[in-house]
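In what follows, a structure is listed as structure tokens, so that the remarks can point back to it.
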Amino acid sequence: MALEQAPVFFLVGATSTGKTAIAHRIAEATGVSLLSIDSMQVYKKLDIGTAKPSLHERIRYRYGGIDLVDWKESFNVFLFIQWAKEYLFKELQQKRAILVVGGCGLYFRAMTRGLCAAPAADALLRKSLEKLDKKKLTELLIQIDPLAASSIDCSNPRRVIRAIEVKKCSGISIIEWQQKTTFPLVVPSLAFWIDRPKSELEIRLRNRIQSMFEAGWEKETCMLLEDGGIEAIERCQAIGYKRIGQYLLQREKNKVKLMEDIFREHCAYGKRQKTWFKRENSLSYCLLKNEQEECSFIKSYIEKINFFVRK
22 MALEQAPVFF LVGATSTGKT AIAHRIAEAT GVSLLSIDSM QVYKKLDIGT
72 AKPSLHERIR YRYGGIDLVD WKESFNVFLF IQWAKEYLFK ELQQKRAILV
122 VGGCGLYFRA MTRGLCAAPA ADALLRKSLE KLDKKKLTEL LIQIDPLAAS
172 SIDCSNPRRV IRAIEVKKCS GISIIEWQQK TTFPLVVPSL AFWIDRPKSE
222 LEIRLRNRIQ SMFEAGWEKE TCMLLEDGGI EAIERCQAIG YKRIGQYLLQ
272 REKNKVKLME DIFREHCAYG KRQKTWFKRE NSLSYCLLKN EQEECSFIKS
322 YIEKINFFVR K
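The number in the numbering used here is simply the position in the sequence shown, starting from 1, with 21 added.
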């Protein structure tokens, strides 16, 4: 069976929507393997702050996509797709269905719609660009690639840096590169995007952050500081680690402010996740307003998976 015909299901959602817990219940009932599409859970040692499943859960549900590289290494969506292709083939050989779960819209798009074939990152160029502020980055992009400057979100420094990098390295606009996409990796048998009411999401997120600190997030970050120093922490893209690293090195500490800053950063990220998922036409939206609706959704998803697997 080709990957395009494989029984691959998707369950995505913004941070703190409960998608992982739901995926575990579905896996328990159906026996599917789980593939994480969380772009931060690929890094080893970033455990508490990325809400990584426990080792017991990873074994029990045959998780893939977790702890792929050292936390100080560079990793991107192209490398993930290369890894995921091998993983999916192995699971398919074992005649296993796969439930893909996570919140990275880029990974979802890469798996289901294909990838832009733009050139790889240039480490030295990126390092020099990261020293510039938003205004200077935007001015530089307008100067060398007005097409990209008028098309991408210039309020996002990472996207501006990437656009500059692509233009400087290849002489071609990232917009032109985006038209040269690879083929999709899979065709989803089912693909759902779950959501929660805003007020509930905020409560869940605050509780989650509190639980992370109680589980030892500061201690985990302290060990990362010893392993890579503040420079490595500040390059880390996983929400919270940079702030905690800087907090640990401060003389006067304000933990209430630290937790509030992390909460706000997560809220902003959650909004970006939702914006991304809204653009994906292959996703079916499901707002879970209460426990009864959640149970009904899980039951329906289990029935659908069993139907597809039996075909």
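Every residue gets a Cβ at the ideal spot worked out from N, C-alpha and C, and that includes glycine.
Quick caveat: nothing in here was measured; it's all calculated off a predicted structure.
For residue j and residue i, the rounded distance between their alpha carbons
{"i": "Phe-129", "j": "Ile-230", "result": "25 Å"}
{"i": "Ala-42", "j": "Ser-317", "result": "15 Å"}
{"i": "Ile-196", "j": "Ser-171", "result": "10 Å"}
{"i": "Asp-174", "j": "Val-207", "result": "28 Å"}
{"i": "Met-61", "j": "Glu-221", "result": "24 Å"}
{"i": "Lys-307", "j": "Tyr-322", "result": "Note that residue 307 is Cys in the sequence shown, not Lys. So the alpha carbons of these two residues sit roughly 11 Å apart."}
{"i": "Ala-50", "j": "Gly-126", "result": "26 Å"}
{"i": "Ser-354", "j": "Glu-247", "result": "An answer regarding residue 354 cannot be provided, because it is not within the stretch 22 to 332 covered by the chain."}
{"i": "Ala-160", "j": "Arg-179", "result": "Per the sequence shown, the amino acid found at residue 160 is Glu instead of Ala. The alpha-carbon atoms of Glu-160 and Arg-179 are separated by roughly 15 Å."}
{"i": "Ile-319", "j": "Glu-78", "result": "19 Å"}
{"i": "Ile-102", "j": "Ala-131", "result": "7 Å"}
{"i": "Ala-105", "j": "Ile-119", "result": "11 Å"}
{"i": "Trp-214", "j": "Gly-34", "result": "5 Å"}
{"i": "Ile-163", "j": "Ser-75", "result": "46 Å"}
{"i": "Lys-65", "j": "Cys-243", "result": "15 Å"}
{"i": "Asn-228", "j": "Glu-186", "result": "39 Å"}
{"i": "Val-63", "j": "Lys-310", "result": "31 Å"}
{"i": "Phe-204", "j": "Gly-52", "result": "28 Å"}
{"i": "Gly-86", "j": "Lys-152", "result": "31 Å"}
{"i": "Thr-158", "j": "Gly-39", "result": "Sequence check: residue 158 is Leu here, not Thr. Rounded to whole angstroms, Leu-158 to Gly-39 spans 37 Å at the Cα level."}
{"i": "Glu-301", "j": "Leu-32", "result": "13 Å"}
{"i": "Leu-100", "j": "Asn-177", "result": "22 Å"}
{"i": "Lys-278", "j": "Asp-154", "result": "24 Å"}
{"i": "Gln-258", "j": "Ala-169", "result": "23 Å"}
{"i": "Ala-256", "j": "Lys-219", "result": "In the sequence on display, residue 256 carries Arg and not Ala. Looking at the two C-alpha atoms, the distance is approximately 30 Å."}
{"i": "Met-280", "j": "Leu-67", "result": "18 Å"}
{"i": "Lys-240", "j": "Ala-139", "result": "39 Å"}
{"i": "Ser-232", "j": "Ala-212", "result": "30 Å"}
{"i": "Ala-141", "j": "Phe-96", "result": "11 Å"}
{"i": "Ala-44", "j": "Glu-107", "result": "22 Å"}
{"i": "Cys-137", "j": "Asn-275", "result": "43 Å"}
{"i": "Thr-36", "j": "Ala-289", "result": "10 Å"}
{"i": "Leu-150", "j": "Arg-331", "result": "53 Å"}
{"i": "Ala-184", "j": "Lys-156", "result": "15 Å"}
{"i": "Glu-252", "j": "Tyr-262", "result": "12 Å"}
{"i": "Gln-199", "j": "Glu-235", "result": "43 Å"}
{"i": "Arg-264", "j": "Val-98", "result": "25 Å"}
{"i": "Glu-312", "j": "Ile-69", "result": "26 Å"}
{"i": "Arg-117", "j": "Arg-285", "result": "39 Å"}
Unbroken beta strand (DSSP E) run spanning residue i, endpoints
{"i": "Gly-92", "result": "It should be noted that the sequence gives Trp, not Gly, for residue 92. That residue, Trp-92, is in no beta strand (DSSP E); it is neither H nor E in DSSP."}
{"i": "Leu-136", "result": "Leu-136 -> no beta strand (DSSP E), and no H or E assigned at all."}
{"i": "Gly-123", "result": "119–123"}
{"i": "Gly-34", "result": "29–34"}
{"i": "Leu-308", "result": "305–308"}
Integer-rounded CB distance, given that residue j should sit under 8 Å from residue i
{"i": "Asp-88", "j": "Thr-71", "result": "Going by Cβ atoms, the distance from Asp-88 to Thr-71 rounds to 10 Å, so no, they are not a contact pair."}
{"i": "Lys-188", "j": "Asp-166", "result": "4 Å"}
{"i": "Phe-260", "j": "Ile-283", "result": "Phe is not the amino acid found at residue 260; the sequence shown has Ile there. Rounded, the Cβ-Cβ distance is 7 Å, consistent with contact."}
{"i": "Ile-254", "j": "Gly-237", "result": "The pair is not a contact, with the Cβ atoms about 16 Å apart (cut-off 8 Å)."}
{"i": "Leu-55", "j": "Arg-83", "result": "7 Å"}
{"i": "Phe-329", "j": "Ser-210", "result": "5 Å"}
{"i": "Ile-182", "j": "Arg-147", "result": "6 Å"}
{"i": "Gly-135", "j": "Ser-57", "result": "That pair is no contact at about 20 Å."}
{"i": "Ile-326", "j": "Ile-47", "result": "7 Å"}
{"i": "Val-121", "j": "Phe-30", "result": "7 Å"}
{"i": "Lys-93", "j": "Gly-249", "result": "5 Å"}
{"i": "Leu-226", "j": "His-287", "result": "6 Å"}
{"i": "Ala-27", "j": "Leu-113", "result": "5 Å"}
Residue-level contact to chain B via CB, residue i, 8 Å cutoff
{"i": "Lys-188", "result": "Within the model displayed, chain B is absent; a lone protein chain is all it includes."}
Residue range of the unbroken alpha helix (DSSP H) whose run includes residue i
{"i": "Glu-160", "result": "155–165"}
{"i": "Cys-288", "result": "276–299"}
{"i": "Ile-319", "result": "312–331"}
{"i": "Arg-147", "result": "144–150"}
- Query: At what residue ranges does the region 40–78 contain a whole run of the alpha helix (DSSP H), taking only runs of 4 or more?
  - Reply: Listed in chain order, the alpha helix (DSSP H) runs fully inside the region 40–78 are 40–51, counting runs of at least 4 residues.
- Message: Below 8 Å, how does it come out for the region 295–302 and the region 264–281: are there three or more Cβ pairs, yes or no?
- Response: Between the region 295–302 and the region 264–281 there are fewer than three inter-stretch CB-CB distances shorter than 8 Å, so the stretches are not counted as touching.
- Taking the runs of the alpha helix (DSSP H) that are 4 residues or longer, which of them lie wholly in the region 192–261? Here the runs fully enclosed are 195–198, 219–235 and 238–256.
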